[in-house]
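Take 397 as the starting number for the sequence shown in the numbering used here and just add one per residue.
Beta carbons are placed, not taken as given, at the ideal position from N, Cα and C, and that holds for glycine.
Here the structure is a predicted model, which is why all the values come from computation and not from measurement.
Step one of this worksheet: look at the structure below.
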Amino acid sequence: MTIKLYDLSGDDGRRFSPYCWRTRMALAHKGLEFATEPTMFTEIGNIGDGHQVSVPVIEDGNKTIRDSFEIALYLEETYPDRPSLFGGAGGQATARFVEGWAVAVLHGQIAKMILADIHNSLKPADYDYFRETREKFFQASLEVVMEGREDRLPEFHKSMQPLRAMLKKQPFIGGDAPLYHDHVVFGTLQWPRVASGFNLMPDSDDPVSQWFERCLDLYDGFGRSMEAAA
Ligand SMILES: N[C@@H](CCC(=O)N[C@@H](CS)C(=O)NCC(=O)O)C(=O)O
């Protein structure tokens, strides 16, 4: 049966959510048939029983699962004969560390560099919601939050050093082949690629950039099939 994925959608069908990309990649990795339901921020409350506050959410038959990590755990348990997302219990445990690192270290820095660009890539019906909630959170206008972003790039690139050091030794975070760990960090960097024309990636010879290109090619170029923002 086709799995339904409620997937954050901006203007022109742009799918930029870092968390939804984790799930998209996990579903592709497992080779599961799925269809996405484009969902605006202001439509999340309409999903299912009306109790959802974030996406991704998946529906698989009569089951509804929310939260990207919970979805990955569900897919691993429900479809054990498909390629593994974690490579065992140890991999599941370290995937939680990778998730924590990506969110704590990378997400805030990225958000502050692309906030107004995200706003501008939304459907107009989401503009007010996004501006109000994010400006309340950052206590500044979206445009002011982004000011001086070029100057913050060296620090951002430096913060990816643990990833860079690892990728000098192996092609994927999962080792010789990708695991959910790769999907997590890929989602983090796919977010600015799709939502913002500001290129925040390191130089093309950086192991992180080379790994990201490899991830874009995974599953028949699934990530690359989503056009980068101009
Ligand atoms: N822990 C959740 C976080 C998901 C999340 O924050 N998703 C964002 C989209 S990238 C969202 O739905 N935000 C709702 C909002 O801001 O109203 C997960 O891993 O799925």
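DSSP three-state assignment for residue i, whether helix, strand or coil
i: Phe594; result: coil
i: Ile399; result: strand
i: Gly484; result: coil
i: Phe391; result: Since the displayed the chain opens at 397 and closes at 626, residue 391 lies outside it and no answer follows.
i: Gly570; result: coil
i: Leu404; result: strand
i: Gly496; result: helix
i: Leu629; result: Lying outside 397 to 626, the shown extent of the chain, residue 629 is not represented and no answer is given.
i: Lys564; result: coil
i: Leu518; result: coil
i: Glu623; result: coil
i: Leu575; result: coil
i: Asp599; result: coil
Proximity winner among the options, relative to residue i (alpha-carbon distances)
i: Gly441; options: Tyr525, Trp497, Ala624, Met597; result: Tyr525
i: Phe482; options: Thr474, Ala491, Tyr475; result: Ala491
i: Thr616; options: Gly427, Glu546, Tyr402; result: It is Asp, not Thr, that sits at residue 616 in the sequence shown. Answer by Cα proximity: Gly427.
i: Trp607; options: Val540, His577, Phe594; result: His577
i: Arg462; options: Ala625, Pro567, Gln488, Leu401; result: Leu401
i: Asp547; options: Leu559, Phe594, Asp477, Asp407; result: Phe594
i: Gly420; options: Ala625, Cys611, Ala624, Ala561; result: In the sequence as displayed, the identity of residue 420 is Arg instead of Gly. The option with the nearest alpha carbon to Arg420 is Cys611.
i: Phe493; options: Lys508, Leu559, Pro452, Phe618; result: Leu559
i: Arg411; options: Asp601, Gly583, Ser605; result: Gly583
i: Ile467; options: Ala485, Thr529, Val453; result: Val453
i: Thr432; options: Asp445, His425, Val451; result: Val451
i: Gln505; options: Asn458, Thr474, Ser555; result: Ser555
i: Phe465; options: Asp599, Leu596, Val499; result: Val499
i: Asp408; options: Pro520, Ala561, Leu585; result: Pro520
i: Ser537; options: Ala507, Lys564, Glu473, Met562; result: Ala507
Whole-number beta carbon distance between residue j and residue i, since they are thought to touch under 8 Å
i: Ser517; j: Ala591; result: 5 Å
i: His425; j: His579; result: 7 Å
Exercise. Jot down the residue ranges of each uninterrupted beta strand (DSSP E) in the region 409-482, minimum 3 residues, whole runs only, in chain order.
Key: 430-435, 453-456, 459-462
Quiz item: Should the region 525-543 be called in touch with the region 499-516, which here means at least 3 C-beta pairs below 8 Å?
Solution: yes
Self-check item: Length-filtered (4 minimum) alpha helix (DSSP H) runs lying within the region 526-556
Solution: 538-542, 545-555
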